[in-house]
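One structure is given below, encoded as structure tokens.
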Amino acid sequence: MNVDLFDFALPPERIALRPARPRDAARMLVVEPGGKLSDRHVRDLPGQLRAGDVLVVNDTRVIPAQLEGRRGEARIGTTLHKRAGLRSWDAFVRNAKRLKEGDVVDFAAGVTAIAEKRHADRSWRLRFEGDDPVEVLLERAGRMPLPPYIAGKRATDEADKADYQTMFARKEGAVAAPTAALHFTPELTQALDGAGIGRETLTLHVGAGTFLPVKVDDTAHHAMHAEWGCIDTATALRLNSARAAGGRLIAVGTTSLRLLESAADDDGTIHAFEGDTSIFITPGYRFRAVDGLMTNFHLPRSTLFMLVSALMGLENMHQAYRHAIKEGYRFYSYGDSSLLLPKG
Numbered sequence: 201m202n203v204d205l206f207d208f209a210l211p212p213e214r215i216a217l218r219p220a221r222p223r224d225a226a227r228m229l230v231v232e233p234g235g236k237l238s239d240r241h242v243r244d245l246p247g248q249l250r251a252g253d254v255l256v257v258n259d260t261r262v263i264p265a266q267l268e269g270r271r272g273e274a275r276i277g278t279t280l281h282k283r284a285g286l287r288s289w290d291a292f293v294r295n296a297k298r299l300k301e302g303d304v305v306d307f308a309a310g311v312t313a314i315a316e317k318r319h320a321d322r323s324w325r326l327r328f329e330g331d332d333p334v335e336v337l338l339e340r341a342g343r344m345p346l347p348p349y350i351a352g353k354r355a356t357d358e359a360d361k362a363d364y365q366t367m368f369a370r371k372e373g374a375v376a377a378p379t380a381a382l383h384f385t386p387e388l389t390q391a392l393d394g395a396g397i398g399r400e401t402l403t404l405h406v407g408a409g410t411f412l413p414v415k416v417d418d419t420a421h422h423a424m425h426a427e428w429g430c431i432d433t434a435t436a437l438r439l440n441s442a443r444a445a446g447g448r449l450i451a452v453g454t455t456s457l458r459l460l461e462s463a464a465d466d467d468g469t470i471h472a473f474e475g476d477t478s479i480f481i482t483p484g485y486r487f488r489a490v491d492g493l494m495t496n497f498h499l500p501r502s503t504l505f506m507l508v509s510a511l512m513g514l515e516n517m518h519q520a521y522r523h524a525i526k527e528g529y530r531f532y533s534y535g536d537s538s539l540l541l542p543k544g
């Protein structure tokens with residue numbers, strides 16, 4: 201499909217630079233078949249779902265994956281995006297032309313890494329030196345990797361350390377937050393429990409590739425980035441049982457949706473999964489594992505806007521986004537939410 205089909209005009213002032221407080225006070229646009237739209241708030245979520253439905257959340261935890269260092273006199277900026285080994289990470293590198301294989305980058309605070317290998321996409325494999333776990337080194341020298349559309353407008357600060365983690369964050373490895381779940385609070389989860397709405401977790405370590413622009417004219421030529429995910433056997437069995445009993449599986453975020461669809465076979469049965477997924481969902485895709493999606497508002501021409509258009513229909517999503525822009529919804533990672541229910 202032509203990538204231009206997924207373009208739309210977004211006023212810069214619609215980009216949220218801070219989250220709503222409290223988190224569940226964010227607005228939520230409910231999109232149903234036929235283009236039906238309802239303006240709600242995230243705290244209204246229990247009333248928009250049914251007893252027996254199951255929300256599927258991602259328990260990945262964001263690491264401080266951005267580092268500033270030097271190779272000699274050259275400044276080297278890095279954003280880690282995918283773990284490649286116990287001490288090795290693949291990274292996007294700023295000023296990469298100043299690096300060659302074998303160079304040592306000093307990130308200060310006693311943190312150094314060797315530039316092991318340059319990849320075809322111009323990213324680098326970095327191997328961190330020393331005996332301390334890499335997570336400890338990153339806490340010492342790294343900072344939270346805010347998306348470029350926020351970081352370009354303000355500096356990262358102490359508030360982001362909490363704001364850019366979900367309440368479900370447990371397993372370290374993401375370099376971007378699964379932002380749909382940023383809206384959840386203990387009060388909201390208590391209300392969901394009281395309404396008989398289930399909750400299951402999976403893990404998908406979100407990579408910085410999620411922010412990469414689509415640079416081709418046709419979606420058929422886009423190479424999707426890979427991310428590591430895991431669904432254990434017990435969770436897969438519970439998800440299948442809930443669906444067999446008539447409950448709907450509602451993915452909280454495109455990360456959860458992509459992993460569920462990667463783990464499902466043609467009849468919709470979800471299996472245990474562990475490994476990389478590079479699934480790329482565009483209109484025409486037949487969804488197998490999910491019955492709905494809670495997600496934030498996405499960038500024009502992005503793979504994520506393509507995904508929601510596949511779920512709800514391209515024209516329906518353009519209509520929904522026009523409504524959201526007109527009504528002042530806040531966009532992107534710290535922005536408002538939408539609940540997409542393709543079957544009502």
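Taken in order, the sequence shown gives residues 201 to 544; the numbers are from the numbering used here.
Every residue, glycine too, gets a C-beta built ideally from N, C-alpha and C.
* Where A445 falls, given that 16 or more other Cβ within 10 Å makes a residue buried -> As a first step, residue 445 must be located in the sequence shown, where it is residue number 245. By the neighbour-count rule (16 or more Cβ atoms within 10 Å), A445 is not buried but exposed.
* Simplified DSSP state of H281, which is helix, strand or coil -> In the sequence shown, residue 281 corresponds to position 81, counting from 1. In the three-state reduction of the DSSP assignment, H281 falls in the strand class, which pools E and B.
* Asked: Grouping DSSP H, G and I as helix and E and B as strand, with all else coil, what is H523?
  -> Position 323 of the sequence shown, counting from 1, holds the residue named residue 523. Here H523 sits in helix by DSSP.
* **CA-to-CA distance, Y529 to H383, given in whole angstroms** => Locating residue 383 in the sequence shown gives position 183, counting from the first residue. Locating residue 529 in the sequence shown gives position 329, counting from the first residue. Using only the alpha carbons, I get a separation of about 14 Å.
* Mind reading off the beta-carbon distance from D542 to G492? Whole number of angstroms is fine, and I expect it under 8 Å. => Taking the first residue of the sequence shown as 1, we reach residue 542 at position 342. Taking the first residue of the sequence shown as 1, we reach residue 492 at position 292. First, the amino acid is wrong: residue 542 is Pro here, not Asp. With a contact defined as Cβ atoms closer than 8 Å, P542 and G492 qualify at about 7 Å.
* Answer with buried or exposed for V311, where buried requires no fewer than 16 other C-beta atoms within 10 angstroms of its C-beta. => Here residue 311 refers to the residue found at position 111 of the sequence shown. Result: buried.
* To do: Grab me the residues of A225's own chain with a C-beta within less than 8 Å of its C-beta, minus the 5 sequence neighbours each way, in chain order.
  => Within the sequence shown, the letter at position 25 stands for residue 225. Take A225, set aside five residues on each side of it, and the residues of its chain with a beta-carbon closer than 8 Å to its own are H241, V242, R243, in chain order.
* Under the rule that 16 or more other beta-carbon atoms within 10 Å means buried, what is L337, buried or exposed? -> Taking the sequence shown and counting its residues from 1, the one referred to as residue 337 is at position 137. L337 should be labelled buried.
* To do: Flag this pair as yes or no: are the beta carbons of K371 and T455 separated by less than 7 Å?
  => Residue numbering aside, residue 371 sits at position 171 when the sequence shown is read from its first letter. Residue numbering aside, residue 455 sits at position 255 when the sequence shown is read from its first letter. No.
* Is T419 helix, strand or coil when you go by DSSP? -> If you number the sequence shown from 1, residue 419 lands on position 219. Helix.
* Under 7 Å between the Cβ atoms of L457 and V490? -> For the purposes of this step, residue 457 is taken as residue 257 along the sequence shown, with counting starting at 1. For the purposes of this step, residue 490 is taken as residue 290 along the sequence shown, with counting starting at 1. A distance below 7 Å separates the beta carbons of L457 and V490.
* To do: Could you tell me how far apart the beta carbons of A381 and T366 are, in whole angstroms, since I believe they sit closer than 8 Å?
  => Position 181 of the sequence shown, counted from the start, is the residue given in the question as residue 381. Position 166 of the sequence shown, counted from the start, is the residue given in the question as residue 366. Confirmed, about 4 Å.
* **Cβ-Cβ distance between A442 and V254 below 7 Å** => Taking the sequence shown and counting its residues from 1, one reaches residue 442 at position 242. Taking the sequence shown and counting its residues from 1, one reaches residue 254 at position 54. Between A442 and V254, the CB-CB gap stays under 7 Å.
* Thinking C-alpha only, which one of M506, D476, M512 is nearest K282? -> Position 82 of the sequence shown holds residue 282. If we check each option's Cα against that of K282, D476 comes out closest.
* To do: Could you pull out every residue in the same chain whose Cβ sits closer than 6 Å to the Cβ of W428, ignoring the five residues on either side in sequence?
  => Start at 1 with the first residue of the sequence shown, and residue 428 comes out as number 228. Cβ-Cβ distances below 6 Å link W428 to H405, D476 in the same chain, with the five nearest sequence neighbours on each side left out; the list follows chain order.
* Asked: Would you call the CB atoms of E232 and G513 closer than 7 Å?
  -> Here residue 232 corresponds to residue number 32 of the sequence shown, with the count starting at 1. Here residue 513 corresponds to residue number 313 of the sequence shown, with the count starting at 1. No, the pair does not count as a contact, with Cβ atoms beyond the cut-off.
* Other residues of its chain near A524: CB distance less than 7 Å, five sequence neighbours each side excluded -> For the purposes of this step, residue 524 is taken as the residue at position 324 of the sequence shown. Close CB contacts of A524 within its chain, under the 7 Å cut and outside five residues either way in sequence, are with L229, F497 (chain order).
* If we ignore side chains and look at the alpha-carbon of each, how far apart do T410 and E329 end up? -> Numbered from 1 along the sequence shown, position 210 holds the residue referred to as residue 410. Numbered from 1 along the sequence shown, position 129 holds the residue referred to as residue 329. T410 and E329 have their alpha carbons spaced roughly 28 Å apart.
* Asked: Taking the Cβ atom as the reference point for each residue, do S478 and M424 lie within a distance shorter than 7 Å?
  -> Numbered from 1 along the sequence shown, position 278 holds the residue referred to as residue 478. Numbered from 1 along the sequence shown, position 224 holds the residue referred to as residue 424. It is a contact, given that the beta carbons lie within the stated cut-off.
* Could you pull the start and end residues of the alpha helix (DSSP H) that E461 belongs to? => Position 261 of the sequence shown holds residue 461. 454-463 is the span of the alpha helix (DSSP H), which, as asked, contains E461.
* **Supposed close pair V508, M517 - CB separation, criterion 8 Å** => Numbered from 1 along the sequence shown, position 308 holds the residue referred to as residue 508. Numbered from 1 along the sequence shown, position 317 holds the residue referred to as residue 517. Between V508 and M517, the beta carbon gap of about 5 Å places them in contact (Cβ cut-off 8 Å).
* To do: Throw me the rounded Cβ distance for the P246 and L392 pair, which I believe falls under 8 Å.
  => Counting from one through the sequence shown, the residue named residue 246 turns up at place 46. Counting from one through the sequence shown, the residue named residue 392 turns up at place 192. Confirmed, Cβ separation roughly 5 Å.
* Asked: Quick one: is P264 buried, meaning 16 or more other Cβ sit within 10 Å of its Cβ, or exposed?
  -> The count along the sequence shown starts at 1 and reaches residue 264 at position 64. P264 should be labelled buried.
* Rounded separation between F505 and A463 - CA only -> Along the sequence shown, one-based indexing puts residue 505 at 305. Along the sequence shown, one-based indexing puts residue 463 at 263. C-alpha separation (whole angstroms): 22 Å.
* Bridge partner(s) assigned by DSSP for H241 -> Residue mapping note: residue 241 aligns to position 41 of the sequence shown, counting from 1. Residue pairing of H241 in beta bridges, as defined by DSSP: R227.
* Asked: Leaving out the 5 sequence neighbours to the left and right, which residues in its chain are closer than 8 Å to R488 when beta-carbon positions are compared?
  -> Translated into the one-based positions of the sequence shown, residue 488 becomes position 288. In chain order, E461, A464, D465, D466, D467, G468 place their CB closer than 8 Å to the CB of R488, counting only its own chain and leaving out the 5 sequence neighbours on each side.
* Please list, in chain order, all residues of the same chain as L299 whose beta carbon is under 7 Å from its beta carbon, the five residues on each side excluded. => Here residue 299 refers to the residue found at position 99 of the sequence shown. A distance below 7 Å between beta-carbons, with the five flanking residues on each side excluded, links L299 to the following residues of its chain, in chain order: R271, I276, V293, A315, W324.
* Between the CA atoms of V262 and F473 - distance to the nearest angstrom -> Start at 1 with the first residue of the sequence shown, and residue 473 comes out as number 273. Start at 1 with the first residue of the sequence shown, and residue 262 comes out as number 62. The alpha-carbon atoms of F473 and V262 are separated by roughly 21 Å.
* Asked: Apart from the five residues just before and just after K317, which ones in its own chain have a Cβ nearer than 6 Å to its Cβ?
  -> The sequence position of residue 317 within the sequence shown is 117, counting from 1. So the qualifying residues of the chain are R325.
* To do: Using a threshold of 7 Å, state whether the C-beta atoms of T279 and P345 are closer than that.
  => Translated into the one-based positions of the sequence shown, residue 279 becomes position 79. Translated into the one-based positions of the sequence shown, residue 345 becomes position 145. Cβ distance < 7 Å, so T279 and P345 count as in contact.
* **Runs of alpha helix (DSSP H) wholly within the segment 307-353 (minimum 4 residues, chain order)** => As far as the segment 307-353 is concerned, its whole alpha helix (DSSP H) runs of at least 4 residues are 334-341, 348-351.
* How about V414 and H422: do their beta carbons lie closer than 7 Å? -> If you number the sequence shown from 1, residue 414 lands on position 214. If you number the sequence shown from 1, residue 422 lands on position 222. Yes.
* Kindly indicate which three-state DSSP category D363 falls into: helix, strand or coil? => As a working mapping, residue 363 is identified with position 163 in the sequence shown. Note: D363 maps to helix in three-state DSSP.
* What's the C-alpha gap between S533 and T433? -> Mapped onto the sequence shown, residue 533 falls at position 333. Mapped onto the sequence shown, residue 433 falls at position 233. Roughly 31 Å between the two C-alpha positions.
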